[in-house]
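Structure first, commentary second.
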Amino acid sequence: MSPVAGDVDADVLVVGGGPVGLAAAIEARLAGLSVVVLEPRAGPVDKACGEGLMPGTLAALTRLGVDPTGHALAGIAYVGGRRRVEHAFSGGVGRGVRRTVLHAALARRAAALGVVAVSRRATDVRQDASGVVVDGLRARHVLACDGLHSPVRRMLGLEAGARRSGGPDRRRYGLRRHYRVAPWGDLVEVHWAPHAEAYVTPVGPGLVGVAVLGPARTDLDATLSVLPALAERLTGAEPDGPVRGAGPLRQRTTARTAGRVLLVGDASGYVDALTGEGLRVGLAQAAAAVAHLHDPAGYERAWNRATRDYRVLTSGLVAAATSPARGGIVPLAATLPGVFGAVVERLAR
Numbered sequence: 448m449s450p451v452a453g454d455v456d457a458d459v460l461v462v463g464g465g466p467v468g469l470a471a472a473i474e475a476r477l478a479g480l481s482v483v484v485l486e487p488r489a490g491p492v493d494k495a496c497g498e499g500l501m502p503g504t505l506a507a508l509t510r511l512g513v514d515p516t517g518h519a520l521a522g523i524a525y526v527g528g529r530r531r532v533e534h535a536f537s538g539g540v541g542r543g544v545r546r547t548v549l550h551a552a553l554a555r556r557a558a559a560l561g562v563v564a565v566s567r568r569a570t571d572v573r574q575d576a577s578g579v580v581v582d583g584l585r586a587r588h589v590l591a592c593d594g595l596h597s598p599v600r601r602m603l604g605l606e607a608g609a610r611r612s613g614g615p616d617r618r619r620y621g622l623r624r625h626y627r628v629a630p631w632g633d634l635v636e637v638h639w640a641p642h643a644e645a646y647v648t649p650v651g652p653g654l655v656g657v658a659v660l661g662p663a664r665t666d667l668d669a670t671l672s673v674l675p676a677l678a679e680r681l682t683g684a685e686p687d688g689p690v691r692g693a694g695p696l697r698q699r700t701t702a703r704t705a706g707r708v709l710l711v712g713d714a715s716g717y718v719d720a721l722t723g724e725g726l727r728v729g730l731a732q733a734a735a736a737v738a739h740l741h742d743p744a745g746y747e748r749a750w751n752r753a754t755r756d757y758r759v760l761t762s763g764l765v766a767a768a769t770s771p772a773r774g775g776i777v778p779l780a781a782t783l784p785g786v787f788g789a790v791v792e793r794l795a796r
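Here it is in structure tokens:
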């Protein structure tokens with residue numbers, strides 16, 4: 448590998464070519480910087496995610512010049528047994544977008560702006576006062592957007608140990624599968640099973656995604672079997688692709704910066720997918736990272752501002768969902784629809 452010296456291959460090297468990595472690359476190009484994206488996988492990459500874009504997320508994508516096709520989303524519904532509470536977004540509609548469709552739209556925009564893609568995996572990171580070398584490619588700055596289990600985060604020693612006690616394992620995981628069935632509404636439905644939540648997101652004229660969040664060894668089909676209303680909707684519907692999984696979802700970091708390397712998106716730390724804010728927060732981090740390339744302390748402050756509400760709301764809801772109070776979440780939301788609506792509006796921004 449070449450030493451850390453000499454001319455650069457790009458102003459910014461983005462490690463990870465998923466949606467947040469591509470958004471970070473687009474942000475950098477819009478700021479007039481040269482960009483290389485390091486990603487070993489070819490083509491749109493599928494993974495387990497909820498696929499519901501809130502109105503604020505759509506606005507952020509529009510600012511980047513990205514407008515993926517999908518299914519309009521008018522709001523969110525919580526369903527538990529015979530109880531159901533709904534809230535329609537007051538500031539516009541969201542959109543259910545299959546992850547591969549979103550990935551492809553971001554990739555087209557990045558390519559049109561002149562982002563260079565290199566098919567390579569990051570295995571080594573070295574830096575000095577004026578640049579960073581990642582597997583032979585030198586840049587003035589590196590944005591690590593390489594996901595939940597970020598290799599760059601690990602190589603830089605920025606991972607925080609999991610908070611584990613002698614009690615039960617409260618780590619949570621995500622599963623997702625698509626079904627070929629016509630959407631039966633324009634809401635993201637969150638069905639609360641005794642042990643897990645099932646997120647139903649229409650993503651196209653004949654396609655619905657079902658994502659399940661729960662503890663280790665959660666099974667998607669077993670979860671549907673205790674949600675008869677949802678299972679009935681899916682009766683006879685053919686799966687479109689395999690069950691995909693991700694986790695454990697909770698990831699903690701000691702810092703979001705190390706010299707000229709900034710962690711962005713899931714690589715920078717993650718709470719849970721329960722509130723569906725991952726992409727919105729990731730896009731905000733990407734914008735903040737590009738704005739603070741020369742100011743790591745400023746990025747830390749911006750990262751805290753961009754993620755504060757997400758961390759507080761999601762941590763609180765996950766704490767309730769993994770406690771004896773779980774069974775009261777939907778009844779409480781139905782009893783206090785104004786509070787439920789206020790939370791939804793905050794997530795929709």
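Each residue of the sequence shown is one higher than the one before, counting from 448 in the numbering used here.
Just so you know, even glycine gets a beta-carbon here, dropped at the ideal spot from N, CA and C.
| task | Could you tell me if Leu783 is buried or exposed, where buried requires 16 or more neighbouring beta carbons within 10 angstroms of its beta carbon? | result | exposed
| task | List in chain order: all unbroken alpha helix (DSSP H) runs of 4+ residues lying wholly within the region 603-679. | result | 667-672
| message | Please report the distance separating the alpha-carbon of Asp719 from that of Asp458. | response | 32 Å
| task | Taking only the alpha-carbon atoms, compute the straight-line gap between Arg555 and Gly464 and give it to the nearest angstrom. | result | 12 Å
| request: Give the secondary structure of Ala684 by DSSP, where H, G and I count as helix, E and B as strand, and everything else as coil. | output: coil
| task | Report the rounded CA-to-CA distance for Arg703 versus His741, giving the unit in angstroms. | result | 14 Å
| query | For Leu603, which residues of its own chain have a beta-carbon under 7 Å away from its beta-carbon, when the five flanking residues on both sides are left out? | reply | Val572, Ala705, Val708
| query | Name the DSSP beta bridge partners of His518, please? | reply | Paired residue(s): Gly543.
| Is Val666 buried or exposed, if buried means 16 or more other CB atoms sit within 10 Å of its CB? | Per the sequence shown, residue 666 should be read as Asp rather than Val. Classification for Asp666: exposed.
| query | Could you give the C-beta distance for Val562 and Val484, rounded to a whole number, given that I count them as a contact under 8 Å? | reply | 6 Å
| message | Using only the alpha-carbon positions, how far apart do Leu634 and Asp456 sit? | response | 45 Å
| Measuring CB to CB, does Pro686 end up less than 7 Å from Arg624? | yes
| query | DSSP three-state call for Arg697: helix, strand or coil? | reply | coil
| request: Report the residue from Pro515, Gly541, Ala781, Gly725 whose alpha carbon sits nearest the alpha carbon of Arg758. | output: Gly725
| field | Selection from Leu480, Pro630, Arg531 that minimises the alpha carbon distance to Val637 | value | Arg531
| Of all the options Glu644, Pro502, Ala506, Ala684, which has the alpha carbon lying nearest to the alpha carbon of Ala521? | Pro502
| message | DSSP three-state label for Glu724, please. | response | coil
| Leu674 vs Thr722 beta-carbon contact at 7 Å | no
| said: Could you tell me the alpha carbon to alpha carbon distance between Ser762 and Leu560, rounded to whole angstroms? | reply: 37 Å
| request: Specify, as a first and last residue, the run of the alpha helix (DSSP H) that Leu485 falls within. | output: Note, Leu485: premise wrong, no alpha helix (DSSP H); beta strand (DSSP E) at 482-485.
| query | I think His518 touches Pro649, with their Cβ atoms under 8 Å apart; what is that distance to the nearest whole Å? | reply | 4 Å
| Cβ pair Val728, Thr701 closer than 7 Å | no
| query | Can you round the beta-carbon distance between Ala640 and Thr670 to whole angstroms, since I take them to be within the 8 Å contact cut? | reply | 5 Å
| field | 6 Å Cβ shell around Thr769 - same chain, five flanking residues per side excluded | value | Excluding the 5 residues flanking it on each side, Thr769 has same chain C-beta neighbours closer than 6 Å at Arg617, in chain order.
| said: Can you tell me whether His534 is helix, strand or coil according to DSSP? | reply: strand
| Who are Leu500's beta bridge partners in DSSP? | Under DSSP, Leu500 takes part in a beta bridge, and its partners are Arg542.
| said: On the CB-based measure, 16 or more other CB atoms within 10 Å of its CB, does Ala676 come out buried or exposed? | reply: exposed
| What is the C-beta distance between Val711 and Cys592, in whole angstroms, given that I count them as a contact (C-beta under 8 Å)? | 5 Å
| request: Count the other CB atoms, across all protein chains shown, that sit within 10 Å of the CB of Asp668; report buried if there are 16 or more and exposed otherwise. | output: exposed
| Distance, Ile523 Cα to Arg585 Cα | 45 Å
| message | Pull the bridge partners of Gly527 from the DSSP assignment, please. | response | DSSP lists Arg530 as partners of Gly527.
| said: Would Ala714 and Gly594 qualify as a contact pair, given that the criterion is a beta-carbon distance under 7 Å? | reply: yes
| said: Bridge partners for Ala564 per DSSP, in chain order? | reply: Val484
| request: Under 8 Å by Cβ, that's how I've got Leu696 and Tyr620 pegged, so tell me the actual separation to the nearest angstrom. | output: Correct: roughly 7 Å between the Cβ atoms.
| task | For Pro689, count neighbouring C-beta atoms within 10 Å of its own C-beta (all shown protein chains included) and say buried if the count is 16 or more, exposed if not. | result | exposed
| Taking all protein chains shown into account, do 16 or more other C-beta atoms lie within 10 angstroms of the C-beta of Gly817, making it buried, or fewer, making it exposed? | Nothing can be reported for residue 817, as the shown portion of the chain is limited to 448 through 796.
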